[in-house]
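Asker: For the sequence shown, UniProt numbering assigns the number 1 to the initial residue and increments by one for each residue that follows. This is the structure I have questions about; it appears just below.
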Amino acid sequence: FNPVETKDSVIPAPEEGETATFIYVGRMKFEGQKRVKDLLDGLSQAKGNWKLHVLGDGSDFEKCQAYGRELNIDDRIVWYGWQQYPWELVQQDIEKVSALLLTSSFEGFPMTLLEALSWGIPCISADCVSGPADIIQPDVNGHLYQPGDIAAFVTLLNKYIAGEIHIEHEKIPASNDEFYQSK
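Below you can see the structure in the form of structure tokens.
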């Protein structure tokens, strides 16, 4: 395993009535492995108030930004680019997170999921090859959908935005104890 460190605190969810806040942490690949196009397509179809914070860079960074503008959702997206310490930025600048989003078609080992869970952040992830199904426990620490199934992704987004899904952020880190360095 690629262990993560335990944290002293969790990053809370937005309060009821506050804007749903999603994060994406990773390389910017429009299609192919990371499927950021799916991420943006899904969010463009989501209902209600939401915001997306994107931490990452890559060969398709500008293409992803342009697609967000094309979908007319760019006013809801904050693009940070590459961050040496992304979780410090999340903790200090974003402060409250509804869920981390992962739309990959495949992963080696999705460390981003484990890192998010260690901060108490639930994950909405494509159930891609290598990893997510071993990490994500539905209704405990997040939810899975089949890669490329935008309708299922949108359904999950809408439930998080509407506050229909209640996962206690304080309980999430314990859901993956076997991945922590101290265990």
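Glycine included, C-beta positions come from ideal geometry on N, C-alpha and C.
Smallest Cα separation from residue 98: which of 5, 68, 177 and 158?
Answerer: For residue 98, the nearest C-alpha among the options comes from 158.
Asker: Using 8 angstroms for Cβ pairs, my map puts residue 147 next to residue 127. What's the rounded Cβ distance?
Answerer: Confirmed, about 7 angstroms.
Asker: Taking a contact to mean a Cβ-Cβ separation below 8 angstroms, would you say residue 23 touches residue 100 in this structure?
Answerer: Contact: yes.
Asker: Helix, strand or coil for residue 53? Go by DSSP, reduced to three states.
Answerer: Three-state DSSP puts residue 53 in a strand.
Asker: When the Cα atoms are used, what is the spatial distance from residue 19 to residue 94?
Answerer: Each residue's Cα considered, the two are about 12 angstroms apart.
Asker: Pull up the distance between the alpha-carbon of residue 117 and that of residue 61, whole angstroms please.
Answerer: Residue 117 and residue 61: Cα-Cα distance of roughly 25 angstroms.
Asker: Quick check: the Cα distance between residue 164 and residue 149, rounded to an integer number of angstroms?
Answerer: Rounded to whole angstroms, residue 164 to residue 149 spans 20 angstroms at the Cα level.
Asker: State buried or exposed for residue 4, treating a residue as buried only when at least 16 other CB atoms are found within 10 Å of its CB.
Answerer: When all chains shown are included, residue 4 counts as buried.
Asker: What did DSSP end up calling residue 125 once you bin it into helix, strand or coil?
Answerer: Residue 125 falls in the strand class under three-state DSSP.
Asker: Starting from residue 23, trace the beta strand (DSSP E) both ways and give me its first and last residue.
Answerer: Residues 20-25.
Asker: Can you grab the Cα-Cα spacing for the pair residue 105 / residue 143, in whole Å?
Answerer: Going by the C-alpha atoms only, they are around 16 angstroms apart.
Asker: On the CB-based measure, 16 or more other CB atoms within 10 Å of its CB, does residue 138 come out buried or exposed?
Answerer: Result: exposed.
Asker: Where DSSP assigns a beta bridge to residue 71, which residues make up the other side?
Answerer: Answer is none; residue 71 lacks a bridge partner.
Asker: So, do the region 48-64 and the region 80-95 have three or more beta carbon pairs nearer to each other than 8 angstroms?
Answerer: The answer is yes - the region 80-95 touches the region 48-64, with three or more Cβ pairs under 8 angstroms.
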